[in-house]
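The structure appears right after this line, and notes come after that.
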Amino acid sequence: MIRLYNTAARAKQELVPINPDRVTMYVCGPTVYGRAHIGNFRPAVVFDVLQRLLRHSYGPEKVIYARNITDIDDKIMDKARAEGVSIDMITERYESLYLEDAATLGVERPDLHPHATTSIPAMVAMIELLIAKGHAYAAEGHVLFDVASHGDYGSLSRRPLDEMIAGARVEVAPYKKNAADFVLWKPSSKDQAGWPSPWGRGRPGWHIECSAMIAESLGQTIDIHGGGIDLTFPHHENECAQSACAHDGAPLANIWMHNGFLNFGGGEKMSKSLGNVLSVGELVEAGWTGDELRLGLLSAQYRQPLLWDEALLGQVRGRLDKWLRKLGDVPKGVRPLPPAGVVEALSDDLNTPAALAAIAGIEHDREALLGALAFLGLPSLSPEKARHASEQRSADPDAARIDALVAERVAARKAKNWAESDRIRDVLAAEGVLLEDGPNGTSWRRA
RNA sequence: GGCCCGAUGGCGGAGUGGUGACGUAACGGACUGCAAAUCCGUGCACCCGGGUUCGAUUCCCGGUCGGGCCUCCA
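Here the numbering used here is used: the first residue of the first sequence is 156, the next is one more, and so on.
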């Protein structure tokens, strides 16, 4: 039994799929207008773990996981204008960087990755439906959702509608009936990206994109909808409203999941205020492996805030190094099943710290350790990025020279020439090569 | 200003109405020529003030501090 915290209920609930042969999950993906930083990948990694758990429980083929790409947005248009390039240039560049970074983190590709630009007809159709049902209205080239027409508006984020109206601090556009009404479609000028529609050439609002893509790719009601906690309002609230109104009250999702943020305030070297919150690529350049970043993101339960700094990564490195040493070379092919304790921990609202604690209890059992780590997506799918793989050692450009020095030291030790032996060890240590004298001879590894 | 969430050892972080996981760091021991790795062991914490209770880190109220949202930011 899988229990998940449902934001809509503010409580953990048992996951009861509408159809156990077709478990559906949708997670809000990136708007591709710039390079995502490590915090943007917390949902990608968290829901990747959930996706693995679901496949374990319901069968690999029974789960349909969709993560969208928002590739039409005013920020994208701004970026393209600023760089003097086409919108496609921007979206393709940042989408491929996003996928590259996700792969570094061991995130598997979702089954579906709908793009906003290829779902415009579905959006237009949904907007027309909303107008026909009296939940939306056109005004001055815009189409707006009429929040007052939906009694449940505010139920997900628990914000009473009257309060939102009273608390509105932004100047209300004159064509809005209600301050809280949000845009479904907006007009594009000639130099802006746009698509033909019954209301003139324009582009969709952000919220309708997800609603339309979900309906189109997964169905009217899905089992799980995920995203960052900041999306609860207004994005998910609006999605909820649109979809329920377009589908005669059918709820958009049965369980709403939201991940907490990374905190960058603690460490000197990674503080948001210093403007140097790093991307995955930059962190890798700084010497951290994708596995370390992934484990770092999983070191706290997904709903909790997580302090992200170098101290955390250092601790993660210690833990992961130990496991990878115990694992030795990771064979390719089929992975053992994960230990029950790990599955149990994850089944309780994705309690990754408890899962890691369970691993600590079975780490002497290599098969169990391998199964447990593989279940969490570790080590990553790219062996060249895993530490301590023998392939990595033989691929080291200095391998021959290091092997020669090691051989020299072995000879010196045989002759009990400890001064020479220690000298060679110090030389290698200075360049980050650590030696280990075991019963089967001396081996080396990069620090 | 309004709403929401959080506060646990040096650090990260689970969990619980009654001996406070796990990791990492530290320290001691075994092993080692010395180390490293490994193994064994030790010490170290529930923000403050009230309340409920036989008993509160856990439940309730207030406070302080931190974070998020209310502006198409994961």
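Just so it is clear, CB atoms sit at the ideal spot from N, CA and C, and this is done for glycine as well. For clarity, every value in this text was computed on a predicted model and none was experimentally measured.
Would the beta-carbon of residue i fall within 7 Å of that of residue j?
| i | j | result |
| --- | --- | --- |
| P342 | G355 | yes |
| H268 | I224 | yes |
| P265 | A221 | yes |
| S535 | G261 | yes |
| D233 | H270 | no |
| N414 | R158 | no |
| L525 | P491 | yes |
| L607 | T507 | What the structure shows of the chain is the stretch from 156 to 602, and residue 607 is not part of that stretch, so it cannot be assessed. |
Rounded to whole angstroms, what is the Cα-Cα separation between residue i and residue j?
| i | j | result |
| --- | --- | --- |
| R210 | V218 | 6 Å |
| M513 | A500 | Rather than Met, the amino acid found at residue 513 in this sequence is Ala. Computed Cα separation, rounded: 8 Å. |
| I384 | V204 | 18 Å |
| E423 | I173 | Note that E423 has pLDDT 42, beneath the 50 cutoff, so the model's placement of it is unreliable and no number is given. |
| D464 | F419 | 7 Å |
| R580 | L482 | 25 Å |
| D577 | K571 | 11 Å |
| R449 | S212 | 22 Å |
| E241 | T272 | Residue identity check: residue 241 is Ser in the sequence provided, not Glu. So the alpha carbons of these two residues sit roughly 14 Å apart. |
| R564 | P460 | 48 Å |
| H362 | T162 | 18 Å |
| G496 | Y249 | 39 Å |
Among the candidates the options, whose CA atom is the shortest distance from the CA of residue i?
| i | options | result |
| --- | --- | --- |
| L583 | G596, A562 and A570 | A562 |
| M368 | M281, N418 and G526 | M281 |
| Y253 | P315, G194, H270 and P185 | P185 |
| R480 | E518, A466, P493 and P508 | E518 |
| A408 | V200, P389, D378 and A370 | D378 |
| A455 | F388, T376, Q470 and D307 | Q470 |
| M278 | K345, G357 and S304 | G357 |
| G451 | R601, R236, M244 and G194 | G194 |
| V182 | A199, E169 and G404 | A199 |
| S344 | R165, G488, F388 and D229 | D229 |
Using DSSP with H/G/I as helix, E/B as strand and the rest coil, what is residue i?
| i | result |
| --- | --- |
| H391 | helix |
| E423 | Bear in mind that a pLDDT of 42 at E423, under 50, signals an unreliable position, so the number given afterwards is only what the model happens to contain. Coil at E423, not helix or strand. |
| W599 | strand |
| N418 | strand |
| T179 | strand |
| E295 | coil |
| D226 | coil |
| M281 | helix |
| Y188 | coil |
| G349 | coil |
| K234 | helix |
| H305 | coil |
| L583 | helix |
| Y457 | coil |
| E371 | helix |
| V439 | helix |
| W340 | strand |
| K240 | Lys is not the amino acid found at residue 240; the sequence shown has Val there. DSSP places V240 in coil when its eight states are reduced to three. |
| W361 | helix |
| V218 | strand |
In the DSSP assignment, what residue or residues form a beta bridge with residue i?
| i | result |
| --- | --- |
| Q168 | L159 |
| L479 | The partner list for L479 (beta bridge, DSSP) is empty, contrary to what the question assumes. |
| D592 | T597 |
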